[in-house]
Amino acid sequence: MTNALSKLLESNDAILADGATGTNLFNMGLQSGDAPELWNVDAPDKIRALYQGSVDAGSDLFLTNTFGGTAARLKLHDAHNRVGELNRIGAELGREIADKAGRPVVVAGSVGPTGEIMEPVGSLSHAAAVEMFHEQAEALKEGGVDVLWVETISAPEEFRAAAEAFALTDMPWCGTMSFDTAGRTMMGVTSADLAQLVETLPNPPIAFGANCGTGASDILRTVLGFAAQGTERPLISKGNAGIPKYVDGHIHYDGTPELMGQYAAMARDAGATIIGGCCGTMPDHLRKMREALDTMPRGERPTLDQITDALGPFTSASDGTDDDAAPERRTRRRRRA
């Protein structure tokens, strides 16, 4: 399938994605508990500024402000009947910014988890999940996104439902899970599990990988786990800007722009092709990431010790794929000043 992302992948050694959505919008005045998607209609200039910030910082790809755009998530804000409107306009605003960039910029339609637990553990059926994802995907397609992008998924059942919905929409897609529980997703999926899962899908993604999680070091260990499976698909790494800490009553991520620049180069060397940030990642971080990808020569695949020496300790002893106790020593290493 020929599409804007595939073309970019063919011509670039590494693609810089965007950073945080929530962190940036909170800095613009979004209040905790508010639905960011409502700003697509109520504060479109702020959403344009969100997208423009990534483009100006050098991103080749950015995600739309539609993470919570399924009916299940919007129902929490009495907006479940506005799925089409909010997703379409979020995509249209992104298309507007990308088309005036003066260079190829991919608009990816963000699709987050439904927030509900799927059968057999929970009550959300496969059919209902597909229906919700399909409704959102159709609106994003109408708004002009280049690719659909499901992210922060924990359950393989939900990943499969999104894939089926995107096939119905006839759109290329990418998918990431969040490995935030000792190297596994909340539902126990490992990096090896996801690498194997994507190959079983009738409609596999263009690229897959990890987002969010627990920091730059941990996500690189997960990327190494993907690469170890021998996958030939492009890998995605969208890590948080360090570890969240409470400072003066607010959540602050401790990753500096310089650290995120190091992270970007090491993510590329670890095997990732699409590299961005997640929570806490601001345009200043993205500029350093762009600079690192453009100026630092490609190196050997980093070892776990090299990752912790450069980016700080892992938050868990293992990535969940083996019982090697060696990483436990690395969790106690002090971050280099």
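Here the UniProt record's numbering is used: the first residue of the sequence shown is 1, the next is one more, and so on. We put the CB at the ideal spot given by N, CA and C, even for glycine.
Only counting the same chain, and skipping five residues up and downstream in sequence, which positions put a Cβ closer than 7 Å to that of residue i?
| i | result |
| --- | --- |
| Ala14 | Arg268, Thr273, Ile275 and Leu293 |
| Pro182 | A small fix is needed here, since residue 182 is Ala in this sequence, not Pro. For Ala182, where only same-chain residues beyond five positions count, the Cβ hits under 7 Å are Ser316, Ser318 and Gly320. |
| Glu142 | Arg88 |
| Ala72 | Thr114, Gly115, Glu116 and Met132 |
| Gly58 | Leu16, Leu286, Arg287 and Arg290 |
| Thr134 | For the record, residue 134 in the displayed sequence is His; it is not Thr. The answer, listed in chain order, is Ala165, Leu168 and Thr169. |
Once you ignore the five residues that flank residue i on each side, which residues in its own chain have a CB closer than 8 Å to its CB?
| i | result |
| --- | --- |
| Lys7 | Pro104 |
| Arg48 | Leu93, Glu96 and Ile97 |
How is the alpha helix (DSSP H) around residue i delimited, first residue to last?
| i | result |
| --- | --- |
| Met187 | Neither: Met187 is in no alpha helix (DSSP H) and is coded neither H nor E. |
| Lys288 | Pro283 to Thr295 |
Assign residue i to one of two classes, buried (16 or more other C-beta atoms within 10 Å of its C-beta) or exposed (fewer than that).
| i | result |
| --- | --- |
| Asp322 | exposed |
| Lys75 | exposed |
| Ser54 | buried |
| Asn27 | exposed |
| Gln136 | buried |
| Lys245 | exposed |
| Ser32 | exposed |
| Asn40 | buried |
| Asp324 | Confidence in Asp324 is poor, its pLDDT being 44 and thus under 50, which makes the residue's placement unreliable; the coordinate value appears in the next sentence. The residue in question, Asp324, is exposed, as its Cβ has fewer than 16 Cβ neighbours within 10 Å. |
| Asn81 | exposed |
Output needed for residue i: all residues of its chain with C-beta closer than 6 Å, excluding positions within five of it in sequence on either side, in chain order.
| i | result |
| --- | --- |
| Thr64 | Gly90, Ala91, Gly94, Gly109 and Ser110 |
| Asp180 | Gly213 and Thr214 |
| Ala4 | Val106 and Asp146 |
| Glu164 | Val130 |
| Leu50 | Asn24 |
| Phe226 | Ser191, Ala195 and Leu235 |
| Leu224 | Ala270 |
| His126 | Ala161 |
| Asn203 | Ala163 and Ala167 |
| Leu197 | Pro156 |
Just confirm the distance between the C-beta atoms of residue i and residue j, as a whole number of angstroms; I'd bet it's less than 8 Å.
| i | j | result |
| --- | --- | --- |
| Thr114 | Ala129 | 6 Å |
| residue 338 | Thr222 | Not covered by the structure: residue 338. The range shown for the chain is 1 to 337. |
| Met282 | Ala20 | 7 Å |
| Asn12 | Asp60 | 7 Å |
| Gly209 | Ala241 | With a Cβ gap of about 17 Å, Gly209 and Ala241 do not count as contacting. |
Let me check one thing: in DSSP terms, what residues is residue i bridge-paired to?
| i | result |
| --- | --- |
| His252 | Lys245 |
| Ala210 | Met177 and Ser237 |
| Met118 | Leu124 |
| Ile15 | Ile274 |
| Val111 | Val150 |
| Val106 | Leu61 |
Starting from residue i, trace the beta strand (DSSP E) both ways and give me its first and last residue.
| i | result |
| --- | --- |
| Ile236 | Leu235 to Gly239 |
| Val150 | Val147 to Ile153 |
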